[in-house]
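Chemist: In case it helps, my numbering puts the sequence shown at residues 58 to 498.
By construction, the Cβ of each residue, glycine as well, lies at the ideal position given by its N, Cα and C atoms.
This one's a predicted model, so the numbers in the text were calculated from it and none came from an experiment.
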Amino acid sequence: MKILLVEDEKILRISLDKTLQREGYAVFACDCGSKAISALGRESFDIVLTDLRMPGKSGMDVLKYVKREQSNIKVIMMTAFGTVESAVDALKLGAIDYLTKPFTQDELLHKLATIRDYHSIESENKALRHKLSLSTKVVGNSPLFQETIEKVKLTATSSHTILIEGKSGTGKELIVDLIHELSDRAQEPLVKVNCSALSESLFESELFGHEKGAFTGALKQNIGRFERANGGTLFIDDIDDLPLSLQVKLLRVIQENEIERVGGAVTIPIDVRVVAATKVDLRKKMEDGDFREDLFYRLNVVHITVPTLKDRQEDIPLLVAHFLEKHGSNHHITSAVMAQLNKYGWPGNVRELENVIVQMIALSPGDTLVASLLPGHFKKPQSIQKKDSKSSLKEKITKSEKTLIIAALEKSYWRQKDAAHILGIPRTTLRSKMEKFGLIK
58 MKILLVEDEK ILRISLDKTL QREGYAVFAC DCGSKAISAL GRESFDIVLT DLRMPGKSGM
118 DVLKYVKREQ SNIKVIMMTA FGTVESAVDA LKLGAIDYLT KPFTQDELLH KLATIRDYHS
178 IESENKALRH KLSLSTKVVG NSPLFQETIE KVKLTATSSH TILIEGKSGT GKELIVDLIH
238 ELSDRAQEPL VKVNCSALSE SLFESELFGH EKGAFTGALK QNIGRFERAN GGTLFIDDID
298 DLPLSLQVKL LRVIQENEIE RVGGAVTIPI DVRVVAATKV DLRKKMEDGD FREDLFYRLN
358 VVHITVPTLK DRQEDIPLLV AHFLEKHGSN HHITSAVMAQ LNKYGWPGNV RELENVIVQM
418 IALSPGDTLV ASLLPGHFKK PQSIQKKDSK SSLKEKITKS EKTLIIAALE KSYWRQKDAA
478 HILGIPRTTL RSKMEKFGLI K
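#1: Measure the alpha-carbon distance for Lys59 versus Glu80 and round it to whole angstroms.
#2: Using 8 Å for Cβ pairs, my map puts His389 next to Asp424. What's the rounded Cβ distance?
#3: Thinking C-beta only, is Asp295 closer than 7 Å to Val337?
#4: Along the chain, where does the beta strand (DSSP E) containing Thr485 start, and where does it finish?
#5: Below 7 Å between beta carbons: does that hold for Val415 and His384?
#6: Under 7 Å, do Lys114 and Gly90 count as touching if we go by C-beta distance?
#7: Helix, strand or coil for Phe283, going by three-state DSSP, please let me know.
#8: Indicate the three-state DSSP secondary structure (helix, strand or coil) for Tyr122 in the structure shown.
#9: Using a Cβ-Cβ cutoff of less than 7 Å, which residues in the same chain neighbour Ile280 once the five nearest sequence positions on both sides are dropped?
#10: Note down, in chain order, each residue of its chain lying with its Cβ closer than 7 Å to the Cβ of Lys124, except the 5 sequence neighbours on either side.
#11: What separation, rounded to the nearest whole angstrom, lies between the Cα atoms of Ile221 and Pro374?
#12: Whole angstroms are fine: how far does the CA of Leu73 sit from the CA of Asp163?
#13: Helix, strand or coil for Met135 per DSSP?
#14: Can you tell me whether Pro112 is helix, strand or coil according to DSSP?
#15: For the alpha helix (DSSP H) holding Asp351, just list the boundary residues, first then last.
#16: Hey, Val363 and Lys210 are a contact pair by Cβ (cut 8 Å); roughly how many whole angstroms apart?
#17: Classify Asp328: buried if its beta carbon has 16 or more other beta carbons within 10 angstroms, exposed otherwise.
#18: For Asp154, name the three-state secondary structure that DSSP assigns.
#19: Of the residues Leu235, Thr212, Glu344, Arg318, which one's Cα is nearest the Cα of Ala275?
#20: According to DSSP, is Arg242 part of a helix, a strand, or is it coil?
#21: Roughly how far, in whole angstroms, is the beta-carbon of Glu268 from the beta-carbon of Gly320, given that I think they are within contact range, below 8 Å?
#22: Span of the alpha helix (DSSP H) holding Phe260?
#23: Are there 16 or more other CB atoms within 10 angstroms of the CB of Lys131, so buried, or fewer, so exposed?
#24: For the putative contact between Leu308 and Arg355, defined by C-beta atoms under 8 Å, what is the C-beta separation to the nearest angstrom?
#25: Should Lys447 go down as buried or exposed, given a rule of 16 or more other Cβ atoms within 10 Å for buried?
#26: Does the Cβ-Cβ distance between Gly402 and Lys459 come in under 7 Å?
#27: By the three-class DSSP mapping on this structure, what secondary structure does His389 have?
#28: Under 7 Å between the Cβ atoms of Tyr122 and Ile153?
#29: Find the nearest neighbour of Val305 within the set Glu261, Lys493, Thr171, Leu381, judged by alpha-carbon distance.
#30: Give every residue of the same chain whose Cβ lies closer than 7 Å to the Cβ of Leu10, excluding the five residues on either side of it in the sequence, and list them in chain order.
#31: Relative to the C-alpha of Leu239, which candidate in Glu371, Ser215, Lys224 has its C-alpha closest?
#32: Can you name the start and end residues of the beta strand (DSSP E) that Arg330 belongs to?
#33: Below 7 Å between beta carbons: does that hold for Leu120 and Ala147?
#34: Which word fits Ala334, buried or exposed, when buried means at least 16 other C-beta atoms lie within 10 angstroms of its C-beta?
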């Protein structure tokens, strides 16, 4: 464990530093609150051991910074006998414990051992909860899906970068969770970032962090995703949406294992396993000149493909049972519904299947999910739908929309407010659509 020691009395600081290092702790020692806060901005710590009263910024200032910026760090206050009341105030603000000076070496080590044991149990419990959660989320027995899972198991414990390829909705993020959980980094952070959700101007700040005043609006220091993931895994989703201008910056970080915050002059070493995901053929994008070749090969050390639901249709009954348990408690479906689900092509993959099940549960008046609750495009066999060239996409959408509105109205006994809530639309929008479809009673 890494400890930040903050003590303005030089003799005591040196003595504590030696004691802690002798016991196997990694220690960074400083003599004032300002230096401590600066160190917290640069490095990661597990425990802060700080004097309460110091010139300039006090131990209370350090505590407030920790609780505001890095609340997972445990803080122990050291206080003179006459300031015990202040130490109690510190406990109220979030300090985990305090020591009254003068204290013995055994007292200090006992408190640290207690925190270390608690931290270990907390990490084990968190990992166990996540592992149990993952075992219920990763669902599928089809050969193609099991092939993907086997590749995950084989490569998870390495430190190589991984590129996951799969259409939208196939479950790439769950595969990332599984990779992290099975890796040697499972006790460390898994941090996620989506390239399509970030503007080009914010990307550097989000990934690498920024210093206070680095640009207009940078009112305080920001720790980037790479630093937050230090020791663990960084998942970069939709890497195919990353502009060429930013690809070279990401490449440098992966190559050098170090970052510089925007507006900063300090190089910060990082130890991060990068997993990226793409919804398109990234090799083709590279060949077309839209993705850097050097970055592609840096990311594509291990390549994992997540199959579409159409390619693993034998998993549909298992997935349906999983989503019913997850969202519906006592709900069940008829054989007619299962037949329809098995016949459908699932362009939206597993995500679309889950949405259909959730929608049916929301619209069902009872525990049995019947075929009439299926969205409109399920009403005809797909072979007929393909031949029906006269029906425009607009007509199909309109018909499906009307069916959903009627089902919601019937479930809510035609109470418009409740029906709008079921559909997730404003009441005024529902009223307008009811008028459009001639449903005003």
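Modeler: So, to answer that:
#1: 12 Å
#2: 6 Å
#3: no
#4: First-last for Thr485: 484-493, but that is the alpha helix (DSSP H), not the beta strand (DSSP E).
#5: Here Val415 is near His384, since their CB atoms are less than 7 Å apart.
#6: yes
#7: helix
#8: helix
#9: Gly266
#10: Leu150, Gly151
#11: In this model, Ile221 and Pro374 are separated by some 25 Å (Cα to Cα).
#12: 12 Å
#13: strand
#14: It is coil, neither helix nor strand.
#15: 350-356
#16: So it is not a contact: roughly 15 Å between Cβ atoms.
#17: With a 10 Å radius around the Cβ and a threshold of 16 neighbouring Cβ atoms, Asp328 comes out exposed.
#18: strand
#19: Arg318
#20: coil
#21: 4 Å
#22: 257-265
#23: Lys131 should be labelled buried.
#24: 6 Å
#25: Low local confidence applies: a pLDDT of 44 at Lys447 is under 50, so the model's placement there is unreliable, and no value is given.
#26: no
#27: strand
#28: no
#29: Glu261 is the residue among Glu261, Lys493, Thr171, Leu381 whose C-alpha sits nearest the C-alpha of Val305.
#30: Nothing about residue 10 can be reported from this structure: the residues present for the chain run from 58 to 498 only.
#31: Ser215
#32: 330-335
#33: yes
#34: buried
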